[in-house]
C-alpha cells in the first residue's frame, strides 16, 4: 500500500545532504546553537531581513554596500572583522527593528547555500524558538521535507538531531517517514524531552562544552526554549524574511 | 586536564569517515545486517579465511583462481553470478571448516577498503555475535578507536548505530569520548537494550523491513544476539582471519 503522505527525511550532516532528493523538497536548515535560533529572534524582533553569506569577507563587503549590520561567528566566537556575533541576546527589539543583518556562521549558512545549489523547492530555518511556526508551515505545505542538520564541521551533533526529533515527534502522523536517521532523532528527542538543557549537560554535548566554556549558558537555555521567538523564517531572493 | 585515555569516535556513515583520524586508529567495521555478523560466524565455524572484495566480478575472478567459495549480496539478496549469500546460516561448521570465502557486500566491504586506503593502524570487524571479542581486543590494544558504521548506501542506519552504542556502553570508562555521534549511539542503545529485536521491529528500521520482506526474521534475530560466534576477526594482508 503506497502512502499518500509526503515523505520526510533527516540529513544528520551537510556531508549527507546529497543522499536526499533536495530538488523536490522543502529543506529546513537546523543550526540550534546558535545560528537558526538567532535568525528567528532577529526576525521576531522586527529586523527587515537577514542576508546569509558564506564568508567573513563577503559579510564585510555586503555590510558596507547596504549599510547593514555585519554579524557572525567562527568556532563559537565573533569573527574578526565583524561587529556583532551569533548570540540571540545581541538583537533586542529596540536595536534591530527595521534593520538589515548580514550574517555568516560556521555551519548554518553553508548548509543553506548547499540546499540552494541543489535546487530545493523551498528553504526555511528551524530552531526551538520557532518550532511551532516551522511545524505549522510544513503541515500546511503538505510537500516532501528534508530536515537538514547543520552539524559541526560535518560532524553530527546532538542539538540539531534533537530539534529534528522534536519536529518528527509533532509531525509524524502527517508524513511518511521511512528513514532511520529520523527514527534515531525522535528516539533521542523522547529521551531528552523532559529537560533538554539537562540532557545536553548530562551528555556533555561537544558544542555545549564549547559555549559553556565561553560562559554562554543563558544562550544555550534560550536556544532550547520552544516558541520564544515563534516566527516563520523563509529564504527568498537571497534573503531570510518573516514568512 | 588532558585525559590519558585513547580517543574513541563513531562514524555513522562511510560518507563521514574522512572526518576522523583514521591513520592513527583501529577501525571497527560494523555491518550488523548481515556482513560482519556472517564474517564472525564463518570464522567461528572454522573457515581458513575470508577475502573481502569490492565487486561481484572480482569475487568471481578470485573465487575461480583460488577455488574459494564466492559469496555476497546486493540489496539484501544473493548477487547474480555468486553461489552463496550473506546469511550466517549458510555457513555451518560441516560446510565451511578449512575453506576460503570470497565475499562482497553492499556496504561492509566498501567501508573496509576505505579504512584501508586511509591507512588505518588496524582493522577488525564487529557485530553482536562477536561483541565481547571486539571489546576485549580494543581494551587490550589501548589505542584510538573509530567505530565505523557501514550504514546503507551511506544513509545512517539503526542497527549499526546500535552496535556502536553497545560497544560504547561497555567501553566508555576505558576511552575518552568527546563525540556527539557516540553519545547519540549509546542513548539509542540504552533505549533498545531490553530487547534489540523488538526495538528494530517497533522502529520499523529500513533494513529490518527489507530483510523481513524476504522472510529473514531468523537472520535478524541471530545478528542481534551477543556472542553467538565470539571470535576476533582481524584484517591482515588482504584477508580476514581469526585473531
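Protein chains in written order, with this note's numbering: chain H, 1 to 243; chain Y, 1001 to 1243.
We treat Cβ as the ideally placed atom computed from N, Cα and C, and that holds for glycine.
Cβ neighbours of residue i in the same chain (closer than 8 Å, five flanking residues each side left out)
i                       : result
residue 1169 of chain Y : 1186, 1189, 1190, 1193
residue 56 of chain H   : 72, 74, 79, 80, 81, 82, 104
residue 1068 of chain Y : 1051, 1062, 1099, 1100, 1101, 1102
residue 153 of chain H  : 106, 107
residue 1220 of chain Y : 1033, 1197, 1200, 1208, 1211, 1212
Those residues which DSSP pairs with residue i across a bridge
i                       : result
residue 1223 of chain Y : DSSP lists no partner for residue 1223 of chain Y.
residue 8 of chain H    : H:145
residue 240 of chain H  : H:50, H:235
residue 73 of chain H   : H:78
residue 1176 of chain Y : Y:1007
residue 84 of chain H   : H:71
residue 1126 of chain Y : Y:1030
residue 155 of chain H  : H:152
residue 104 of chain H  : H:72
Residue i burial status per 10 Å Cβ neighbour count (16 or more: buried)
i                       : result
residue 1089 of chain Y : exposed
residue 81 of chain H   : exposed
residue 66 of chain H   : exposed
residue 1097 of chain Y : exposed
residue 1130 of chain Y : buried
residue 1237 of chain Y : exposed
residue 92 of chain H   : exposed
residue 229 of chain H  : buried
residue 214 of chain H  : exposed
residue 1207 of chain Y : buried
residue 218 of chain H  : exposed
residue 1086 of chain Y : buried
residue 1064 of chain Y : exposed
residue 117 of chain H  : exposed
residue 15 of chain H   : buried
residue 157 of chain H  : buried
residue 183 of chain H  : buried
residue 239 of chain H  : exposed
Other residues of its chain near residue i: CB distance less than 6 Å, five sequence neighbours each side excluded
i                       : result
residue 122 of chain H  : 26
residue 222 of chain H  : 88
residue 31 of chain H   : 107, 108, 150
residue 1232 of chain Y : 1133, 1137, 1243
residue 1235 of chain Y : 1123
residue 1127 of chain Y : 1032, 1036, 1037, 1040
residue 199 of chain H  : 192
residue 1120 of chain Y : 1022, 1027
residue 181 of chain H  : 10, 12
residue 226 of chain H  : 128, 131
residue 1139 of chain Y : 1174
residue 1125 of chain Y : 1029, 1036, 1039, 1233
residue 1165 of chain Y : 1185, 1186, 1188, 1189
residue 1020 of chain Y : 1009, 1011, 1146
Spatial neighbours of residue i in its chain, beta-carbon cut-off 7 Å, leaving aside the 5 residues before and after
i                       : result
residue 1054 of chain Y : 1104, 1109, 1110, 1113
residue 1175 of chain Y : 1005, 1006, 1007, 1008, 1145
residue 161 of chain H  : 12, 149, 185, 188
residue 24 of chain H   : 121, 144
residue 45 of chain H   : 91, 92, 93, 96, 97
Chain H contact residues for residue i, given Cβ-Cβ distances below 7 Å
i                       : result
residue 1178 of chain Y : 206
residue 1240 of chain Y : Those within 7 Å of residue 1240 of chain Y in chain H number zero; the least Cβ separation is about 26 Å.
Proximal residues of chain Y, C-beta to C-beta of residue i below 8 Å
i                      : result
residue 181 of chain H : 1155, 1156
residue 184 of chain H : 1156, 1158, 1161, 1184, 1188
Original post:
Mind listing which residues of the stretch 1141-1165 of chain Y have their C-beta closer than 7 Å to chain H's C-betas, in chain order?
Top reply: 1154, 1155, 1156, 1157, 1158, 1161
Original post:
Any residues in the stretch 1116-1138 of chain Y with a beta carbon nearer than 8 Å to a beta carbon of chain H? Which ones, in chain order?
Top reply: none
Original post:
Which of the residues in the stretch 1187-1202 of chain Y, read from start to end, lie with their CB under 7 Å from any CB of chain H?
Top reply: 1187, 1188, 1191
Original post:
What residues in the stretch 1010-1030 of chain Y bring their beta carbon closer than 7 Å to a beta carbon of chain H?
Top reply: 1012, 1013, 1015, 1016, 1019
Original post:
Going along the stretch 95-118 of chain H in order, which residues come within less than 8 Å of chain Y, judged by CB to CB distance?
Top reply: none
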